[in-house]
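Just below is one structure, and these are the notes that go with it.
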Amino acid sequence: MNNVAKSEARVYHVGTPVQVGKRVRNGGRYAAVSVINRNGSIRSSPSPYPLIVRFPDTDIELVAPGTVWLVDGPEFITSYVHNGDRRYERTITATTVTFVKPTGQTLARWLKENIAGIGDILSNRLVRNKHLAKWVEKRDRESLLAIHGMSDSTVDALLENWPSSELFRVIAFLDEHGIPAGISKSILKALGEDALPLLQGNPFMLLGLGVSFKKVDVIAARMGFTIDDPEYIGGVAAHVAFVHSEETGSTVIDVATLHRRAELLTQCSMPKDLGDISVGQKLMVKCGKAVYQSYGCALMEHEVADFLVKALFRSPGSGAGQARWETQIDRRTVEEALQQYEAHFLDFQLLPEQREAVIGAVLAPVCGISGGAGTGKTTILRAVLGCYESLASELPSYQVAVAGRAAQRIAESTGKPAQTIAKLIAEHTGEGKPELPDYLLLIVDESSMLDLLSMYRLVRLLPYAVRIIFVGDSMQILPVGKGLVFHALQSSSVPFFELKQVMRQDEQSGIHRFATDLRNSFVKLPPAAVSRLVDSADCSLVESNDPDQLAELWLQAGGIGAGIVLCPVRSGPLGVDNINVTLQRKVGLERAQLLYQDRERGCLPWITSDGMQLLKGDPVLVTQNNYDDDADVRNGDLGILEDVADVLTDTERFGVIRMGDGRKIDVNLDLLGKLSLGYAVTIHKSQGSQWPTCFIALPRNASRMIDLSLLYTAVTRALKRVVLFGEPRLIEIGIARGPASLERATTLALRIRHLTNLAENC
1 MNNVAKSEAR
11 VYHVGTPVQV
21 GKRVRNGGRY
31 AAVSVINRNG
41 SIRSSPSPYP
51 LIVRFPDTDI
61 ELVAPGTVWL
71 VDGPEFITSY
81 VHNGDRRYER
91 TITATTVTFV
101 KPTGQTLARW
111 LKENIAGIGD
121 ILSNRLVRNK
131 HLAKWVEKRD
141 RESLLAIHGM
151 SDSTVDALLE
161 NWPSSELFRV
171 IAFLDEHGIP
181 AGISKSILKA
191 LGEDALPLLQ
201 GNPFMLLGLG
211 VSFKKVDVIA
221 ARMGFTIDDP
231 EYIGGVAAHV
241 AFVHSEETGS
251 TVIDVATLHR
261 RAELLTQCSM
271 PKDLGDISVG
281 QKLMVKCGKA
291 VYQSYGCALM
301 EHEVADFLVK
311 ALFRSPGSGA
321 GQARWETQID
331 RRTVEEALQQ
341 YEAHFLDFQL
351 LPEQREAVIG
361 AVLAPVCGIS
371 GGAGTGKTTI
381 LRAVLGCYES
391 LASELPSYQV
401 AVAGRAAQRI
411 AESTGKPAQT
421 IAKLIAEHTG
431 EGKPELPDYL
441 LLIVDESSML
451 DLLSMYRLVR
461 LLPYAVRIIF
471 VGDSMQILPV
481 GKGLVFHALQ
491 SSSVPFFELK
501 QVMRQDEQSG
511 IHRFATDLRN
521 SFVKLPPAAV
531 SRLVDSADCS
541 LVESNDPDQL
551 AELWLQAGGI
561 GAGIVLCPVR
571 SGPLGVDNIN
581 VTLQRKVGLE
591 RAQLLYQDRE
601 RGCLPWITSD
611 GMQLLKGDPV
621 LVTQNNYDDD
631 ADVRNGDLGI
641 LEDVADVLTD
651 TERFGVIRMG
661 DGRKIDVNLD
671 LLGKLSLGYA
681 VTIHKSQGSQ
691 WPTCFIALPR
701 NASRMIDLSL
711 LYTAVTRALK
721 RVVLFGEPRL
731 IEIGIARGPA
741 SLERATTLAL
751 RIRHLTNLAE
761 NC
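Just so we're aligned, residue 1 is where the sequence shown starts under full-length UniProt numbering, counting upward by one.
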């Protein structure tokens with residue numbers, strides 16, 4: 001018998017007024033509510049079961065205790081088993097919801113739920129005062145303090161959290177045009193108290209706040225704007241620039257591309273100066289004679305460049321008391337610290353270029369270190385940390401990376417804690433979160449993966465007195481997000497150290513020789529693999545498009561845990577999706593399935609977002625960061641689904657995953673939706689990770705996207721063996737196309753050089 005049951009809908013709600021109670025779960029998607037009467041009182045219910053509303057995802061940002069909504073949707077009776085007890089709820093699956101300003105008794109309940117220090121008696125006393133709203137809007141502290149029971153702290157909380165009239169006017173505007181109320185807070189934060197008149201004057205401002213061009217186009221037409229109006233032309237240009245950035249990763253667009261894509265979008269003739277018109281509408285900025293940027297990209301690149309240059313030119317010892325040691329170091333003191341480190345911790349001599357990188361990285365407040373596989377980046381990083389421990393033992397250090405696997409690897413390599421950039425930001429952003437120290441060393445590993453948005457969020461968090469080392473390989477694939485950071489630093493005025501000489505023990509590896517050929521754009525195909533993989537070269541080629549043959553070779557390599565398949569694409573016979581299905585079938589389908597409890601449909605096999613079932617023993621890939629204390633995993637982490645629950649007696653434990661670092665974590669509801677099969681992953685997902693054996697799929701349908709960076713990244717993921725499987729001509733195509741960084745246009749390096757010139761001439 002299913003542990004979750006659901007009745008047929010017997011009630012359909014139309015505009016039912018409800019107020020959210022204390023219980024809000026799953027990020028606002030489900031909330032316990034009470035139906036309210038016209039006078040704001042809570043309507044009594046003959047049912048003993050609590051009433052739950054499942055809110056649309058577009059509105060969950062506003063779902064909070066005390067908020068009032070008009071709800072449309074069917075109501076079901078659902079039941080489920082929790083810790084052996086069957087529980088019942090009435091659940092409204094809301095199709096549409098309308099946010100309503102609380103008044104009277106609903107406002108009293110809102111005050112009690114949201115304002116610290118206000119209880120039942122004081123909340124009712126406040127709403128009985130007919131001047132309350134006026135005093136709050138005018139920030140009349142004296143009058144508010146005169147109300148019995150109010151204190152300075154309570155007045156502060158009331159003024160800060162009061163539901164402003166402007167918020168509800170914006171919500172009404174959005175509702176009128178069919179836009180979810182959930183973005184209203186973002187609009188007010190971005191546009192301020194003048195948000196409504198600004199939107200009424202130019203609805204295309206909504207483009208920068210996540211509303212689609214199609215929706216804004218309809219709103220503009222409804223408000224009387226035509227394609228000849230400058231607001232419309234500017235909006236088209238801003239939208240084209242945004243789409244171009246999302247598709248290419250570039251943060252700028254040239255005027256010819258802007259004009260061509262604008263006419264393609266509108267199917268109308270557009271003025272040649274549409275970029276300048278958009279600049280006049282404050283939707284874009286001009287950077288250069290015929291190049292434009294969205295305001296968002298321009299702001300982020302400027303802020304990142306400004307922060308890095310200020311960090312680079314910060315006076316030694318300034319910004320924090322702990323920084324005084326900076327005034328006492330020079331090249332000689334760093335060389336002495338490095339000599340001591342070498343004598344105690346190394347059984348070999350550093351190469352000259354490695355020594356220069358270590359010394360330069362300690363002397364420079366901001367720097368970059370780039371090198372291919374085998375050039376000793378990890379050795380250098382350990383030496384840098386050793387010098388810092390000798391020269392500034394009290395200096396707090398943080399190691400971060402974009403991907404979870406990369407963070408895990410740097411922690412293992414240096415013996416010091418590391419985390420993802422996303423986790424560092426999450427741990428130190430928001431109310432009640434601790435601030436970072438006012439002086440620290442930050443090491444960013446696998447920096448070629450670092451996109452503009454992540455770097456922007458990072459610099460907004462970091463203190464003024466910071467030292468930063470970016471470590472990476474500029475030949476690897478570009479960030480998934482827009483912009484370039486590491487590659488821009490390489491061509492900017494920031495000190496940058498290139499490692500080119502390979503450590504002696506790696507020189508004879510076939511994997512290394514092929515990777516070096518790729519770095520040098522030299523076309524030399526690896527030798528063909530033989531039938532027994534163990535008798536093949538450590539870097540070999542199989543010319544085949546048969547996924548079953550690939551599966552046989554994968555089993556020869558050791559199967560789960562020993563080998564992985566890296567694919568440039570998801571679709572096709574040699575794409576991620578089909579290879580995952582093929583290898584899962586090869587291992588065997590007669591294994592227990594991962595189940596979950598659906599609140600409405602009962603106990604079901606879990607199907608991932610890409611349509612896969614998960615079976616006991618499958619390798620699984622984490623596709624999004626998960627910060628649960630009991631299931632702390634990162635996008636890109638891999639593990640084995642070690643166990644699945646055969647009887648679901650608890651809605652929060654569906655199975656157990658053994659992660660790559662040995663941890664065992666429970667599969668809960670939040671993690672469930674962030675899992676996929678992990679027999680094969682995209683090359684982008686593989687960056688920052690390594691495996692004993694890597695099979696690199698080269699399918700015909702990847703010819704348009706393959707490039708030198710993609711090939712190089714895939715090959716350097718392997719520790720012991722690489723097998724290239726598919727079309728050999730794709731290797732030649734990728735090498736001829738060159739690295740993808742050449743195709744991505746940004747202004748970050750230019751901005752850093754410009755600000756550096758200003759700083760040097762001050």
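For each residue, glycine too, the CB sits at the ideal point set by N, CA and C.
No experiment lies behind these values; they were computed from the predicted model shown.
N- and C-terminal bounds of the alpha helix (DSSP H) containing residue i
i                 : result
phenylalanine 514 : 510-519
glutamine 354     : 352-363
isoleucine 380    : 377-391
arginine 54       : Segment 51-54 is the beta strand (DSSP E) holding arginine 54; no alpha helix (DSSP H) there.
threonine 747     : Note, threonine 747: premise wrong, no alpha helix (DSSP H); not H, not E.
leucine 550       : 547-556
Own chain residues within Cβ distance below 8 Å of residue i, not counting five before or after
i             : result
serine 413    : Thr378, Leu381, Arg382
threonine 266 : Ile227, Val236
Sequence-distant residues of the same chain with beta carbon closer than 6 Å to residue i, five excluded per side
i           : result
glycine 481 : Asp451, Leu453
serine 250  : Arg744, Ala745
serine 123  : Ala108, Leu111, Lys112
glycine 510 : Ala537, Asp538, Cys539
leucine 132 : Leu126
serine 686  : Leu566, Arg717
valine 530  : Ser536
Own chain residues within Cβ distance below 7 Å of residue i, not counting five before or after
i                 : result
aspartate 473     : Ser370, Gly371, Gly372, Ser448
leucine 489       : Gly368, Phe470, Phe496
phenylalanine 213 : Leu207, His239
glutamine 501     : Leu351, Glu353, Thr375
phenylalanine 55  : Gly28, Arg29, Ala31, Val63, Ala94, Val97
glycine 678       : Pro619, Val620, Leu621, Leu638
Buried or exposed by the 16-neighbour rule on C-beta atoms within 10 Å, applied to residue i
i              : result
glycine 210    : exposed
aspartate 618  : buried
proline 203    : buried
histidine 428  : exposed
asparagine 626 : buried
tyrosine 30    : buried
glutamate 326  : buried
serine 44      : exposed
glycine 386    : buried
glutamine 597  : buried
leucine 145    : exposed
Boundaries of the beta strand (DSSP E) in which residue i is found, first to last residue
i                 : result
threonine 93      : 85-93
isoleucine 468    : 465-472
alanine 740       : Neither: alanine 740 is in no beta strand (DSSP E) and is coded neither H nor E.
phenylalanine 497 : 496-499
serine 709        : It is not in any beta strand (DSSP E) - serine 709 instead sits in the alpha helix (DSSP H) that spans 708-715.
Beta bridge counterpart(s) of residue i as assigned by DSSP
i                 : result
arginine 721      : Thr693
serine 399        : With the sequence shown as reference, residue 399 is identified as glutamine, and serine is not the correct amino acid for it. Ala418, Ile443.
arginine 658      : Ile640, Lys664
cysteine 539      : Val722
glycine 563       : Thr693
proline 17        : Leu70
methionine 284    : Ser294
valine 279        : None; valine 279 has no bridge partner.
tyrosine 12       : Pro74
phenylalanine 522 : Its beta-bridge partners do not exist; DSSP assigns none.
proline 619       : Ile640
isoleucine 253    : Tyr292
isoleucine 36     : Ile42
alanine 528       : Leu541
cysteine 367      : Ile469
Contact test: residue i Cβ vs the ligand NAD heavy atom, cutoff 8 Å
i           : result
leucine 122 : Questions concerning the ligand NAD fall outside what the structure shown contains, since it holds no ligand whatsoever.
Do three or more CB pairs link the stretch 221-232 to the stretch 246-261 at distances below 8 Å?
no
Three or more C-beta pairs below 8 Å linking the stretch 64-74 and the stretch 96-115
yes
Using a Cβ distance threshold of 8 Å, determine whether the stretch 308-325 contacts the stretch 357-367, with at least three qualifying pairs required.
yes
How do the stretch 726-736 and the stretch 693-713 stand: do at least 3 beta-carbon pairs fall below 8 Å, yes or no?
yes
Validate contact between the stretch 708-715 and the stretch 270-289 using beta carbons, cut 8 Å, 3 pairs:
Contact annotation: the stretch 708-715 does not touch the stretch 270-289, with fewer than three C-beta pairs closer than 8 Å.
Would you call the stretch 605-615 and the stretch 576-592 in contact, with 3 or more CB pairs under 8 Å?
yes
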